[in-house]
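Note sheet for the following structure.
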Ligand SMILES: NC(=O)c1ccc[n+]([C@@H]2O[C@H](COP(=O)([O-])OP(=O)(O)OC[C@H]3O[C@@H](n4cnc5c(N)ncnc54)[C@H](OP(=O)(O)O)[C@@H]3O)[C@@H](O)[C@H]2O)c1
C-alpha cells in the first residue's frame, strides 16, 4: 500500500462524486487536516464540531485552503447523547444523506470529569460518542457507506473493561491518570468496533479503525511544566496533522472490505488481542441477554 496521501483524484474516484463525509472534531488537529484534504478533492463535508464558532472558523480555513465541495457546519458535542440525537433529527429533516463518517473527535481529559449523564469524560467522548454516531449513521447511510473509528497505539496498555464506571454512578476505580483513562477509552472503542463489524456489514456498511500514529496536535499538550521541553525535543519527530490524517483518508477509500485497521502506510485485519477481547465481550453480552 502507498505511503503518500491519497491523491485528490484517487479520493474523488474512491468516494464517488456524490460523497458527503461527516467528520467529528473537525475544527482541530487531524480533523481539520482531513477536511482540507477532502474539500481539496471536491468532496462534500459536514464538519461536526462542539462549538459552532470554532466550527465556522475552521470551515473558513478549509475554504481558503482551496477546493469546491459543499461545507456544512453542525454543532455536535459527541460526549452528550442528547446532542447526538438532536444532530440526527436535524440531519434527517435536512434531506442530506451522508455517505461516510470519520469519528475523529477525541479528548485526553486533564482531570477526572463526568458528563451531565454521569459518564467519565474520556469514555463519553472517545468511545460512547463515536459508537453512538456510528450506529445512527449506519442506519441512515445507503449500502456502500463507510464508518471510520479513530483508535490509538495506547490501546495496547488500556484496561479492559475500563476503570471508569460505566453505570453513571460517578465513581472511578483507582487514581485518575489521564493517559491511562484515554487508553482505556480507546481500547473499549476498538473492541466495540470489532463487535459491530458484522452487524454493519449486514447493512452494507464498512467499519474500519484508523490509527494516526503520534501526531503534533493539541492532544500532545499535557498542561505540565515539561510541555516546552517536549515541544523542543519531540515535536519535530512526530507526524504533522496532514500525515496523521492519512490513515482515515485511506480507510474512507475502502468500502468493499470491512474490519481493517489503517495506519499511515498499511492496512491489516484487527489485531488478535482486539479480536479475542471482542469475542469475550460478545460472549458476556450473549450470556446476559
Ligand atoms: N495526536 C495524536 O498523537 C493522536 C494519536 C492517536 C490517536 N489520536 C486521535 O485522533 C483524533 C484527533 O485528535 P487530535 O490529535 O487532532 O487532537 P486535537 O487537536 O485535540 O483535536 C481534537 C478535536 O476533537 C474535538 N472534540 C473534543 N471533544 C469533543 C466533543 N465532546 N464533541 C465534539 N468534538 C470534540 C475538539 O474540539 P474542541 O475544539 O471543541 O475541543 C477538536 O476539534 C482523536 O480521536 C485522538 O484521540 C491522536
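Residue numbers (our numbering): 3 to 291.
Just so you know, even glycine gets a beta-carbon here, dropped at the ideal spot from N, CA and C.
Here the structure is a predicted model, which means the values were calculated and not measured.
Residues in the same chain with beta-carbon distance under 6 Å from residue 265, minus the five sequence neighbours each way, listed in chain order, please.
Within the chain shown, the letter at position 263 stands for residue 265. These residues qualify, in order along the chain: 213 and 249.
How many whole angstroms separate the CB atoms of residue 27 and residue 108, which I take to be in contact at a CB cut-off of 8 Å?
Mapped onto the chain shown, residue 27 falls at position 25. Mapped onto the chain shown, residue 108 falls at position 106. Taking the Cβ atoms as the reference, residue 27 lies roughly 6 Å from residue 108, within the contact range of under 8 Å.
Looking at the structure shown, is residue 119 part of a helix, part of a strand, or coil, going by DSSP?
Looking up residue 119 in the chain shown gives position 117. Correct three-state label for residue 119: coil.
Please go through the same chain and pick out, in chain order, the residues whose beta-carbon is closer than 7 Å to the beta-carbon of residue 83, but skip the five residues on each side of it.
Counted from its first residue, the chain shown places residue 83 at position 81. Within the same chain, residue 83 has close Cβ partners 119 and 134.
Please find out if some non-hydrogen atom of ligand 1 comes closer than 8 Å to the beta-carbon of residue 107.
Here residue 107 refers to the residue found at position 105 of the chain shown. Because some heavy atom of ligand 1 lies under 8 Å away, the Cβ of residue 107 counts as near it: yes.
According to DSSP, which residues form a beta bridge with residue 46?
Sequence index remark: in the chain shown, residue 46 carries index 44 (1-based). DSSP, once it has assigned bridges, lists 22 as partnering residue 46.
What's the call for residue 3, buried or exposed, on a 16-neighbour Cβ count within 10 Å?
As a position in the chain shown, residue 3 is number 1, starting the count at 1. Confidence at residue 3 is low in this model, with a pLDDT of 42, below 50, so the placement of that residue is unreliable and no value is reported for it.
Same chain only: Cβ atoms within 7 Å of residue 175, ignoring 5 sequence neighbours per side
The residue given as residue 175 occupies position 173 in the chain shown. Same-chain partners within the cutoff: 165.
Do you know offhand how far residue 87's Cα is from residue 239's?
Mapped onto the chain shown, residue 87 falls at position 85. Mapped onto the chain shown, residue 239 falls at position 237. The alpha-carbon atoms of residue 87 and residue 239 are separated by roughly 40 Å.
Straight-line CA distance for residue 139 to residue 228?
Taking the first residue of the chain shown as 1, we reach residue 139 at position 137. Taking the first residue of the chain shown as 1, we reach residue 228 at position 226. Looking at the two C-alpha atoms, the distance is approximately 41 Å.
Using only the heavy atoms of ligand 2, determine whether one of them is closer than 8 Å to the beta carbon of residue 186.
The ligand content of the structure shown is limited to ligand 1, which means ligand 2 is not among them.
Give me the residue from 92, 157 and 202 with the minimum Cα distance to residue 144.
Along the chain shown, read from residue 1 onward, the residue named residue 144 stands at position 142. Comparing Cα-Cα distances from residue 144 to each of 92, 157 and 202, the minimum goes to 202.
Just to confirm my understanding: we take residue 64, look at its own chain, exclude 5 residues before and 5 after, and list those with CB closer than 8 Å. What are they?
Taking the first residue of the chain shown as position 1, residue 64 is located at position 62. The answer, listed in chain order, is 34, 37, 38, 41, 47, 49 and 73.
Residue of 80, 111, 287 and 241 minimising C-alpha distance to residue 179:
Translated into the one-based positions of the chain shown, residue 179 becomes position 177. The shortest C-alpha separation from residue 179 is found at 111.
What do you get for residue 21, buried or exposed, if any count of 16 or more other CB atoms within 10 angstroms of its CB means buried?
Residue mapping note: residue 21 aligns to position 19 of the chain shown, counting from 1. The residue in question, residue 21, is buried, as its Cβ has 16 or more Cβ neighbours within 10 Å.
Residue 228 - DSSP class collapsed to helix/strand/coil
As a first step, residue 228 is located in the chain shown; it is residue number 226 there, counting from the start. In this structure, residue 228 counts as coil in the three-state DSSP scheme.
Segments assigned beta strand (DSSP E), at least 3 residues, entirely inside the region 131–159
Counting whole runs of 3 or more residues, the region 131–159 contains the beta strand (DSSP E) stretches 148–152.
Three or more beta-carbon pairs under 8 Å between the region 147–157 and the region 98–108, yes or no?
yes
Less than 8 Å between the CB atoms is what I'm expecting for residue 192 and residue 211, so what's the real figure, rounded?
If you number the chain shown from 1, residue 192 lands on position 190. If you number the chain shown from 1, residue 211 lands on position 209. About 6 Å; that satisfies the 8 Å criterion.
Can you tell me the Cβ-Cβ gap for residue 160 and residue 188, rounded? I've got them flagged as a contact below 8 Å.
If you number the chain shown from 1, residue 160 lands on position 158. If you number the chain shown from 1, residue 188 lands on position 186. Right, their Cβ atoms sit about 6 Å apart.
Take residue 181 as the anchor and find which of 198, 114, 194 and 30 has the nearest alpha-carbon.
In the chain shown, residue 181 corresponds to position 179, counting from 1. The shortest CA-to-CA distance from residue 181 to any of 198, 114, 194 and 30 is the one to 114.
Using three-state DSSP, classify residue 5 as helix, strand or coil.
As a working mapping, residue 5 is identified with position 3 in the chain shown. In this prediction, residue 5 scores a pLDDT of 44, lower than 50, which makes its location untrustworthy; no coordinate-derived value is stated.
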